Amino acid sequence: MVIGMEQAGILVVDDDKEIADLVEIHLISEGYSVQKANSAVEGLRLLETEDIKLVILDIMMPGMDGLTMCRKIRECSTIPIIMLSAKSTDLDKIIGLGTGADDYVIKPFNPLELTARVKSQLRRYTKLNPNSHDENRDKEITLAHLTINKENHKVTAYGKEAKLTPIEFDILYLLASNVGRVFSTDEIFERVWNEKIYEANNTVMVHIRRIREKIEMDSRKSQIIKTVWGVGYKIEQ
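Those letters in the sequence shown? Residues 79 to 315, by the working numbering.
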């Protein structure tokens, strides 16, 4: 059963109590249930015991930092992760997204913008709706070395299942459902994130790299997602 977004459990992990409380207030006002942790260790424990659908994760924390926690989550789960950080350079974003995060929000942030991003990520996550196998077969895209099932978000590459995050799945599905068409990074961002891109960033590039790591036999010699230098990316039959 698809869980309604308004009932979704959200975990906020931040050692700054004021920030965690502020985020909690705005999320509760939107109808979400919220769990808070002031350390990564406590956050990982809550993930094991609570029904969490999305994590908002501070990067700079004492002990285990947010990057390490993100990697640990990705070892066993594809739930959306939104990182919070005062670090705002492109390199910081690349590192954050490269660990498996779905979005990266810079402090100080507008709570309304963060809430909007939470809603966007949960819309992707709650698309997961496994129906009967017969119906699922009609929803599949089958290409050379790659099968994508839109209903249950299952991706198989070279005969092995690849576990993609909701953002990664949407990017791959966009390319695979438009075989031969080249998409620029700006167009991918606007189609997948459903918002205009106002400044050059490496968000799409980082996600493409992570998708390749999961679906390619050799991510350095991509056979599925092709780079069209100076233009963008495409998938061929």
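All C-beta atoms, glycine included, are put in the ideal place defined by N, C-alpha and C.
None of the values given here were measured: they were computed from a predicted structure.
query, result
"Which value, in whole angstroms, describes the spacing of the CA atoms of I159 and A222?", "31 Å"
"If we ignore side chains and look at the alpha-carbon of each, how far apart do E314 and N256 end up?", "9 Å"
"Just mark D248 as buried or exposed, buried being the case when its beta carbon has 16 or more other beta carbons within 10 Å.", "buried"
"For R195, which residues of its own chain have a beta-carbon under 7 Å away from its beta-carbon, when the five flanking residues on both sides are left out?", "I160, D181, V183"
"Short of 7 Å in beta carbon distance, which residues of its chain neighbour V282, apart from the five on each side in sequence? Order them along the chain.", "T263, I266, F267"
"Closer than 8 Å by C-beta to I173: which residues in its own chain qualify, once you throw out the five before and the five after it? Chain order, please.", "L145"
"Got a sec, what are the start and stop residues for the beta strand (DSSP E) Y325 sits in?", "It is not possible to answer for residue 325, since the shown part of the chain is limited to 79 through 315."
"Using 10 angstroms around the beta-carbon of E291, count the other beta-carbons present and answer buried if the total reaches 16, otherwise exposed.", "exposed"
"Classify Y182 as helix, strand or coil using the three-state DSSP reduction.", "strand"
"What's the gap between the Cα of H231 and the Cα of K241?", "9 Å"
"For E265, which three-state DSSP category applies?", "helix"
"Note down the Cα distance separating E229 from E246, rounded to an integer number of angstroms.", "15 Å"
"Can you give the beta carbon distance from I134 to D143, rounded, assuming they're within the 8 Å contact cut?", "Incorrect: roughly 15 Å between the Cβ atoms, too far for contact."
"Using the Cα positions of H211 and D93, report the straight-line distance between them to the nearest angstrom.", "Unreliable placement is indicated for H211, whose pLDDT of 41 sits below 50; no coordinate value is reported for it."
"Helix, strand or coil: which one does DSSP assign to L175?", "helix"
"Checking contacts by CB at 7 Å: is L100 closer than that to chain D?", "Note that chain D does not occur in the displayed structure, where there is just one protein chain."
"Kindly give me the distance between the Cβ atoms of I289 and I275, rounded to whole angstroms, as I take these residues to be in contact under 8 Å.", "Not really, about 19 Å apart at Cβ, beyond 8 Å."
"Taking the continuous alpha helix (DSSP H) assigned at V257, which residues delimit it?", "No alpha helix (DSSP H) holds V257; DSSP gives it neither H nor E."
"Could you tell me which of Q301, L122, D129 sits nearest to C148, measuring between CA atoms?", "L122"
"Would you mind working out which of I293, N280, W271 sits nearest K238, comparing C-alpha positions?", "I293"
"Which residue wins for smallest C-alpha separation from G178, given the options E153, H104, D296, G141?", "E153"
"Determine the DSSP secondary structure at D170, reduced to helix, strand or coil.", "helix"
"Just to confirm my understanding: we take I130, look at its own chain, exclude 5 residues before and 5 after, and list those with CB closer than 8 Å. What are they?", "G87, I88, L89, Q113, L124, I157"
"Pick helix, strand or coil for I159, following the three-state DSSP scheme.", "strand"
"Would you decide whether Y236 is buried or exposed? Buried here means 16 or more other CB atoms lie within 10 Å of its CB.", "exposed"
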